[in-house]
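Enquirer: Under our numbering, the sequence shown is numbered contiguously, ending at residue 518.
We put the beta carbon where it would ideally sit given N, CA and C, even for glycine.
Take a look at this one; I'll ask things after.
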Amino acid sequence: MSANAVEREARGLGWTLPMAAETIATFSLSGWILVADATAFRDGETQFVASVGLVAVIIAWVILAAFGRAKHARWLKWSLIVPACIALTALLTWCDAAGRVGWAVSHSAMAEAAANCERPEALPSGRPLVGIKVGIYSFHSIDRDAQGICWFRLLRNYPVVKSGFAFVPDNVAREQLSEYSEYVPLEGGWYYYQSLG
322 MSANAVEREA RGLGWTLPMA AETIATFSLS GWILVADATA FRDGETQFVA SVGLVAVIIA
382 WVILAAFGRA KHARWLKWSL IVPACIALTA LLTWCDAAGR VGWAVSHSAM AEAAANCERP
442 EALPSGRPLV GIKVGIYSFH SIDRDAQGIC WFRLLRNYPV VKSGFAFVPD NVAREQLSEY
502 SEYVPLEGGW YYYQSLG
């Protein structure tokens with residue numbers, strides 16, 4: 322191998338390794354967002370923190386892409402992976418794809434829990450439960466209100482962010498739901514909710 326070839330290969334690694342690290346960071350942040358959405362339907366806090374991380378990733382990507390364009394022949398192929406991953410994550414988040422997958426996985430367990438709609442008893446030691454696991458979700462509490470609506474309050478970020486699921490039986494009007502929350506219809510009488518105030 323000639324000295325010029327070794328020098329070119331070393332310069333290529335000087336760009337390829339940081340771009341590979343950039344790509345891994347992007348996939349990690351995107352995966353974190355999607356898993357958080359699957360386990361909490363819409364996890365605004367994780368989306369915000371990960372979005373701040375993605376801004377740092379995008380800034381580094383712009384610098385690396387500009388450097389790669391100036392110095393490397395195969396820069397375009399590598400440089401398109403990061404924006405494609407970010408665009409796909411944004412699309413999946415926007416259409417609640419991960420949240421709906423989490424819902425599909427947990428729906429039967431949720432329906433079973435809604436049939437009883439009661440908080441399980443404390444642990445045998447007398448300590449209260451930290452969370453109630455139903456499907457892939459962890460809930461702070463599960464209870465039925467006076468109108469007959471079964472509320473599943475997610476444990477994540479509770480009590481700062483009040484979100485969860487509501488099951489509205491057929492004999493209860495949808496109008497009984499609080500006007501201070503955003504509701505996403507799921508199926509049957511199920512809704513995902515997040516308090517607005």
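From LEU498 to MET431, what distance separates their C-alpha atoms?
Expert: The residue labelled residue 498 in the question sits at position 177 within the sequence shown. The residue labelled residue 431 in the question sits at position 110 within the sequence shown. Taking the straight line joining both Cα atoms gives about 19 angstroms.
Enquirer: Mind listing, in chain order, the continuous alpha helix (DSSP H) runs of no fewer than 4 residues lying wholly within the stretch 454-513?
Expert: none
Enquirer: Candidates ILE379, ILE453, GLY510, LYS392: which alpha carbon is nearest ALA408's?
Expert: The residue labelled residue 408 in the question sits at position 87 within the sequence shown. Measuring from the Cα of ALA408, the nearest candidate turns out to be ILE379.
Enquirer: Using 10 angstroms around the beta-carbon of GLU503, count the other beta-carbons present and answer buried if the total reaches 16, otherwise exposed.
Expert: Locating residue 503 in the sequence shown gives position 182, where the first residue counts as 1. Around the beta carbon of GLU503, a 10 Å sphere encloses fewer than 16 other beta carbons of the protein chains shown; the residue is thus reported as exposed.
Enquirer: Quick check on the DSSP output: what are the complete beta strand (DSSP E) runs of length 3 or more inside the stretch 368-453, in order along the chain?
Expert: none
Enquirer: Tell me whether the beta-carbon of GLU343 lies closer than 8 angstroms to the beta-carbon of ALA381.
Expert: Taking the first residue of the sequence shown as 1, we reach residue 343 at position 22. Taking the first residue of the sequence shown as 1, we reach residue 381 at position 60. Contact annotation: GLU343 and ALA381 have beta-carbon atoms nearer than 8 angstroms.
Enquirer: Just to confirm before moving on: does the CB-CB distance between TYR512 and VAL489 stay below 8 angstroms?
Expert: Residue mapping note: residue 512 aligns to position 191 of the sequence shown, counting from 1. Residue mapping note: residue 489 aligns to position 168 of the sequence shown, counting from 1. Yes, they are a contact pair.
Enquirer: Which residue's Cα is closest to the Cα of ALA419: THR360, VAL505, GLY485, PHE348?
Expert: Numbered from its first residue, the sequence shown carries residue 419 at position 98. Measuring from the Cα of ALA419, the nearest candidate turns out to be THR360.
Enquirer: Under a Cβ-count criterion, where at least 16 other Cβ atoms within 10 Å of its own Cβ denotes burial, should ALA387 be classed as buried or exposed?
Expert: If you number the sequence shown from 1, residue 387 lands on position 66. Burial call: exposed.
Enquirer: Give me the residue from ILE384, HIS393, LYS392, PRO506 with the minimum Cα distance to VAL403.
Expert: For the purposes of this step, residue 403 is taken as residue 82 along the sequence shown, with counting starting at 1. Of the candidates ILE384, HIS393, LYS392, PRO506, the one whose C-alpha sits nearest the C-alpha of VAL403 is ILE384.
Enquirer: Taking only the alpha-carbon atoms, compute the straight-line gap between PRO445 and TRP353 and give it to the nearest angstrom.
Expert: Sequence index remark: in the sequence shown, residue 445 carries index 124 (1-based). Sequence index remark: in the sequence shown, residue 353 carries index 32 (1-based). The predicted model places PRO445 with a pLDDT of 49, which falls under 50 and marks its position as unreliable, so this point remains unresolved.
Enquirer: GLY510: which of ASP491, SER516, GLU496 sits nearest, CA to CA?
Expert: One-based indexing of the sequence shown puts residue 510 at position 189. The shortest Cα separation from GLY510 among ASP491, SER516, GLU496 belongs to ASP491.
Enquirer: Alpha carbon to alpha carbon, how far is SER351 from TRP399?
Expert: Here residue 351 corresponds to residue number 30 of the sequence shown, with the count starting at 1. Here residue 399 corresponds to residue number 78 of the sequence shown, with the count starting at 1. Whole-angstrom Cα-Cα distance: 17 angstroms.
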